[in-house]
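If you read the sequences in order, they're chains A and B. Following full-length UniProt numbering, the residues of the first sequence are numbered contiguously, the last one being 375. Following full-length UniProt numbering, the residues of the second sequence are numbered contiguously, the last one being 405.
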Amino acid sequence: MSSDNKKWFSLNLNRKKKESSGTCGCGKTSGGCGSYSEHPQMTDEEFAEAAINASIGEERTKDGFDQVFDVKMDRRSAFKKLTASLLIGAGAVSTSCSVISGDESKEKAQIDWEEQFKGNYKLMDDDEKKGTVERLMRSYELRTGKNISMSSKNAEDDVLFGYAFNISKCQGYMDCVNACVEENNQDRNSQMQYIRIHEMKDGKGFNFNEADDNYYHEVPAEGHFYMGTQCFHCDNPPCVEVCPVQATWREDDGLVVVDYDWCVGCRYCMAACPYDGRRFNWSKPEVPETEINKNQHYLGNRMRKKGVVEKCTFCVQRSRAGKNPACVEACPTGARIFGNLLDPNSTIRWVLENKKVFRLKEDLGTEPKFWYFMD
Amino acid sequence: MRRLKVFKSLVIDSVDAITQGSKKYHIWMAFLTFMMLMGMYCYSIQLDQGLSATGMTDRVSWGLYISNFTFLVGVAAAAVMLVMPTYVLKDIDFKQAVLIGEGLAVAALIMCLAFVIADMGGPSVLWHMIPGIGVFNFPNSMLTWDVLVLNGYLFLNITIPFYILFRHYQGKESKASVYVPGAILSVFWAVGIHLVTAFLYQGLQARPFWNNALLGPRFLASAFAAGPALIILVLAIIRTYTAFKIDDKTIKKIAMVVTVAAQINLIMLISELFKEFYAPTHHSESAYYLFFGLHGKTALLPWIWTAIPLNVLATVLLTFHKLRNNFRVLFFSCFILFVAIWIEKGFGLIVPGFIPGPYGKIAEYTPTGIEIGVTLGIWAMGAFVFTILAKTAIGIELGKLRYKK
Ligand code: SF4
Ligand code: SF4
């Protein structure tokens with residue numbers, strides 16, 4: 001953790017940061033996990049059929065965009081799947097050796113199996129990360145016939161991302177919100193948005209209580225100013241501490257990310273976030289196939305499933321590729337500034353050093369890497 | 001393998017005992033079964049649609065399930081109020097009551113676990129939480145502490161009564177040297193489960209309504225009022241419908257426990273109200289919402305204004321010896337106290353934590369029918385489990401169930 005090379009004011013609460021370590025069982029990415037055991041009662045063909053039905057079943061006929069193997073539990077198949085997963089376990093490998101049933105179905109079943117029982121991304125080594133990303137891409141291809149690219153790029157050394165927001169410039173156009181939704185493949189049905197723009201009355205100061213974060217009128221409205229919030233990528237994120245399974249964590253470049261496949265959906269992190277930074281997939285997220293952003297990152301905008309938490313990642317798929325997040329690029333007024341806090345020549349550093357910046361709820365000790373300033 | 005044989009015969013005998021009973025008993029069990037089936041049906045809909053089948057949203061992300069979970073941890077912890085005097089202080093009075101109390105704790109804990117699972121977005125990946133196979137974020141996450149202490153408490157509350165009943169089943173006395181250490185441990189453990197559950201909320205700096213040092217102690221006080229109140233009601237029912245003898249003295253002693261806990265609870269409530277309303281700050285808004293509503297949003301008002309008068313009335317009634325010793329009044333007060341605390345420590349505690357939101361947004365929460373169905377189903381399951389346990393225990397204690405060599 002980079003808590004020792006701070007470039008800004010911090011509350012000195014004598015907080016000790018421990019590098020947390022966890023145990024992880026199966027980080028295995030290839031080759032299934034059984035031995036070559038023959039299933040005595042079934043022929044390979046029957047078994048393959050049963051395994052495929054159990055694990056992907058109706059998804060064989062499902063359309064598009066569902067690259068995620070949300071083991072869908074509906075009334076009919078909940079119990080079937082529970083028992084079936086044991087069954088597949090016994091014979092996943094023997095299935096994949098049989099040449100009788102369709103190769104693609106078998107491959108799908110194999111991938112689903114490995115994905116369902118893979119480990120936590122945070123604890124994977126680079127090969128394992130590559131393995132799961134490759135499986136996800138292959139699976140998408142098998143299901144839709146289309147290709148996506150998914151990255152598992154790690155944090156670079158000497159990078160710590162930070163963000164600054166110019167309150168004087170923001171006019172409430174919400175271009176950032178739309179760009180974010182498109183970039184990050186957020187659920188269209190529930191209109192999930194990471195960014196909220198708060199419309200505040202002039203002369204009332206930063207009065208969030210009277211602000212409106214859900215307006216539908218022409219902007220900029222007379223006598224109002226605007227302020228955007230999103231996940232602030234706290235340097236001491238309370239949401240990370242509370243997660244019972246370490247499904248969310250702070251990466252070395254300061255991004256707070258979620259492993260959507262590891263999250264169990266307890267929503268403790270949502271209760272712990274003081275900034276309304278997290279969103280939950282209350283139902284199955286849906287994005288029309290044509291609108292899917294196919295340039296993805298495992299920790300970023302890949303397709304999510306029902307029942308997991310997600311949040312702004314500072315567009316990890318873009319920022320780690322040296323680009324600005326979508327919101328920064330989309331903002332027509334230049335109110336949003338993004339960059340590397342450890343690079344003394346970056347714009348963000350210039351802002352921090354030359355403007356009177358402040359952060360929200362600093363008293364909580366969360367140390368957001370998101371500053372506000374005015375011209 | 002004599003023990004195994006005895007165990008097998010115990011299982012057979014208890015199944016026998018459970019499936020036989022009066023007409024009222026059968027109607028009761030049929031009713032519970034029906035409720036459970038309905039709950040399962042609602043849950044299957046929730047599995048299918050996702051948690052959007054509930055009233056929860058991004059703004060209020062915990063609701064009825066977590067509220068009930070919180071409350072039931074309290075009920076489970078209360079068994080200890082009976083365990084302590086019986087096993088440790090050798091207060092013979094409580095002996096029969098304690099088996100019932102522990103049965104209640106087991107049922108409450110099973111309901112707790114069911115509520116947590118019902119609340120999860122991904123029950124199919126719950127194994128991520130199992131230490132060893134998954135990743136257990138211990139000791140950072142209070143939720144992992146909670147998982148540990150709840151399961152530990154469940155284990156204690158199953159083994160201790162099981163040991164005693166198993167001995168009695170064979171017509172032997174249970175050895176104090178075996179169960180007393182376990183009983184003492186469970187005394188501390190019960191306080192532990194409750195504090196840890198309070199810390200779950202208390203530790204969140206994001207939610208000022210919860211982030212206050214009184215939360216843990218108030219949890220304890222309210223639990224030690226609501227739990228024994230429920231035990232009194234259950235004992236009253238058992239006394240009427242079975243041959244199991246429970247002395248008036250026992251009930252009066254438990255009533256004493258309820259009274260003291262209810263009084264302490266009330267004092268803490270006053271202290272809390274004083275802090276929130278004498279010098280209201282930005283952080284008092286949740287309390288304002290709870291008691292008076294904010295900006296015309298008043299969904300919780302009817303609830304909390306039912307709970308507070310009931311709470312005060314029950315405490316006052318219990319405080320006077322004359323009234324408390326009148327069993328009609330006692331049962332009535334216990335009932336209203338239980339309801340009041342269920343409201344107050346249930347969604348009166350959880351929902352206002354999210355309202356207003358981190359930026360002052362007030363979005364209200366109303367549970368959906370599905371959510372209520374699942375909740376009722378889980379309560380029915382708890383009642384079902386308890387009935388089974390109690391029936392077997394009573395059978396053994398009355399000497400009806402005995403191992404025949
Ligand atoms: S803003 Fe919220 S979600 Fe984002 S890092 Fe901070 S606590 Fe976590
Ligand atoms: S919802 Fe997911 S990410 Fe959040 S605390 Fe629970 S498991 Fe962790």
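Glycine included, every Cβ here is placed at the ideal spot set by N, Cα and C.
Between which two residues does the alpha helix (DSSP H) holding V242 of chain A run? Your numbering for residue 242 of chain A matches position 242 in the first sequence. Residues P238 to V242.
Could you give the DSSP three-state label for T248 of chain A: helix, strand or coil? If you number the first sequence from 1, residue 248 of chain A lands on position 248. Strand.
Mapping DSSP to helix, strand and coil, what is residue 392 of chain A? In the structure as shown, chain A begins at 1 and stops at 375. Residue 392 of chain A is therefore absent and cannot be evaluated.
Quick check on the DSSP output: the beta strand (DSSP E) that includes K211 of chain A runs from which residue to which? What you label residue 211 of chain A is simply residue 211 of the first sequence in a count that begins at 1. With the sequence shown as reference, residue 211 of chain A is identified as Ala, and Lys is not the correct amino acid for it. Segment: none, A211 of chain A is in no beta strand (DSSP E) and carries neither H nor E.
Spatial neighbours of Y365 of chain B in its chain, beta-carbon cut-off 6 angstroms, leaving aside the 5 residues before and after: Working through the second sequence from its first residue, we reach residue 365 of chain B at position 365. Cβ within range, chain order: G55, V60, G63 and V351.
So which residues touch the region around ligand 1, with touch meaning a C-beta under 6 angstroms from any heavy atom? A:C231, A:F232, A:H233, A:C234, A:P237, A:P238, A:C239, A:V256, A:C273, A:Y275, A:G277, A:R278, A:K311 and A:T366
Return yes when the Cβ of E286 of chain A is within less than 8 angstroms of the Cβ of R188 of chain A, no when it is not. The residue labelled residue 188 of chain A in the question sits at position 188 within the first sequence. The residue labelled residue 286 of chain A in the question sits at position 286 within the first sequence. Cβ distance < 8 angstroms, so R188 of chain A and E286 of chain A count as in contact.
Any C-beta of chain A within less than 7 angstroms: which residues of the stretch 204-215 of chain B qualify? L204, Q205, A206 and R207
C-beta atoms of V328 of chain A and R320 of chain A nearer than 8 angstroms: For the purposes of this step, residue 328 of chain A is identified with residue 328 of the first sequence, where counting begins at 1. For the purposes of this step, residue 320 of chain A is identified with residue 320 of the first sequence, where counting begins at 1. No, the Cβ-Cβ distance between V328 of chain A and R320 of chain A is not below 8 angstroms.
Based on the DSSP secondary-structure assignment, which residues constitute the bridge partners of Q296 of chain A? As a position in the first sequence, residue 296 of chain A is number 296, starting the count at 1. Beta-bridge pairing links Q296 of chain A to A:M150.
Please report the residue range of the alpha helix (DSSP H) in which H26 of chain B lies. Translated into positions along the second sequence, residue 26 of chain B becomes position 26. Per DSSP, H26 of chain B belongs to the alpha helix (DSSP H) from K23 to Q49.
Within the stretch 132-181 of chain B, note down every full alpha helix (DSSP H) run reaching 4 residues or more, in order along the chain. 142-169
Reference I378 of chain B; option with closest CA among B:R3, B:Y201, B:L266 and B:L109: By 1-based counting over the second sequence, the position of residue 378 of chain B is 378. If we check each option's Cα against that of I378 of chain B, B:L109 comes out closest.
Does ligand 2 have a heavy atom nearer than 7 angstroms to the CB of G265 of chain A? For the purposes of this step, residue 265 of chain A is taken as residue 265 along the first sequence, with counting starting at 1. Result yes, Cβ under 7 angstroms from ligand 2.
Among the candidates A:D112, A:G131 and A:W113, whose CA atom is the shortest distance from the CA of Y121 of chain A? Within the first sequence, numbered from 1, the residue matching residue 121 of chain A stands at position 121. Of the listed residues, the one whose Cα sits closest to Y121 of chain A is A:G131.
Can you find the residues in the same chain that come closer than 8 angstroms, C-beta to C-beta, to A213 of chain B, ignoring five residues on each side of it along the sequence? Here residue 213 of chain B refers to the residue found at position 213 of the second sequence. Only Q202 meet the Cβ criterion.
Y241 of chain B, enclosing alpha helix (DSSP H) - first and last residue: Taking the second sequence and counting its residues from 1, one reaches residue 241 of chain B at position 241. Element bounds for Y241 of chain B: L215 to Y241.
Residues from the stretch 254-270 of chain A in contact with chain B, defined by Cβ distance under 9 angstroms: D261, W262, C263, V264, G265, C266, R267, Y268 and M270
Would you call the stretch 193-213 of chain A and the stretch 251-264 of chain A in contact, with 3 or more CB pairs under 8 angstroms? no
Contact residues within the stretch 122-146 of chain B, judged by C-beta distance below 8 angstroms to chain A: G122, P123, S124, V125, L126, H128, M129, P131, G132, I133, G134, V135, F136, N137, N140, S141, M142, L143 and T144
Measure the alpha-carbon distance for T197 of chain B versus K306 of chain A and round it to whole angstroms. The count along the second sequence starts at 1 and reaches residue 197 of chain B at position 197. The count along the first sequence starts at 1 and reaches residue 306 of chain A at position 306. Those two C-alpha atoms are separated by around 27 angstroms.
Taking Y163 of chain B as the reference, give the member of B:P181, B:F292 and B:G192 with the closest Cα. Locating residue 163 of chain B in the second sequence gives position 163, where the first residue counts as 1. Closest option to Y163 of chain B, Cα to Cα, is B:P181.
For I336 of chain B, which residues in the same chain have their Cβ closer than 6 angstroms to its Cβ, ignoring the five residues on either side in sequence? On the second sequence, position 336 is the one that residue 336 of chain B refers to. So the qualifying residues of the chain are L310 and A314.
Determine, for P367 of chain B, whether the minimum Cβ-Cβ distance to residues of chain A falls below 8 angstroms. Counted from its first residue, the second sequence places residue 367 of chain B at position 367. Taking Cβ atoms only, chain A never reaches closer than 8 angstroms to P367 of chain B, which makes this a no.
Using a Cβ cut-off of 8 angstroms (strictly closer), state whether Y359 of chain B contacts chain A. Taking the second sequence and counting its residues from 1, one reaches residue 359 of chain B at position 359. It does: the Cβ of Y359 of chain B has a partner Cβ on chain A nearer than 8 angstroms.
Suppose the cutoff is 8 angstroms on Cβ atoms and the five residues either side in sequence are ignored; what does the same chain contact list for H295 of chain B look like? Along the second sequence, one-based indexing puts residue 295 of chain B at 295. Excluding residues within five positions, the ones whose Cβ falls inside 8 angstroms are I362.
Cβ-Cβ distance between L233 of chain B and I246 of chain B below 8 angstroms: The residue you call residue 233 of chain B lines up with position 233 of the second sequence. The residue you call residue 246 of chain B lines up with position 246 of the second sequence. No.
With 7 angstroms as the C-beta to C-beta threshold (strictly closer), list the residues of the stretch 36-53 of chain B near chain A in chain order. S44, L47, D48, Q49, G50, L51 and S52
Against chain A, does M120 of chain B count as a neighbour if the rule is that its beta carbon must be under 8 angstroms from one of theirs? On the second sequence, position 120 is the one that residue 120 of chain B refers to. Output row for M120 of chain B: interface = yes.
Does the stretch 261-272 of chain A touch the stretch 225-241 of chain A, meaning 3 or more C-beta pairs lie closer than 8 angstroms? yes
Taking A109 of chain A as the query, report the chain B residues whose CB atoms sit under 8 angstroms from its CB, ordered along the chain. As a working mapping, residue 109 of chain A is identified with position 109 in the first sequence. Within chain B, no residue comes near A109 of chain A; the closest Cβ sits about 16 angstroms away, beyond 8 angstroms.
Straight-line Cα distance separating P332 of chain A from W305 of chain B: On the second sequence, residue 305 of chain B is found 305 positions in, with the first residue counted as 1. On the first sequence, residue 332 of chain A is found 332 positions in, with the first residue counted as 1. The straight-line gap from Cα to Cα measures roughly 51 angstroms.
Helix, strand or coil at L204 of chain B [DSSP, three-state]: For the purposes of this step, residue 204 of chain B is taken as the residue at position 204 of the second sequence. Correct three-state label for L204 of chain B: coil.
Cα-Cα, which of B:L323, B:G382, B:T57 and B:D13 is closest to L401 of chain B? Locating residue 401 of chain B in the second sequence gives position 401, where the first residue counts as 1. Considering only alpha carbons, the answer is B:D13.
How is the beta strand (DSSP E) around W371 of chain A delimited, first residue to last? For the purposes of this step, residue 371 of chain A is identified with residue 371 of the first sequence, where counting begins at 1. F370 to F373 is the extent of the beta strand (DSSP E) around W371 of chain A.
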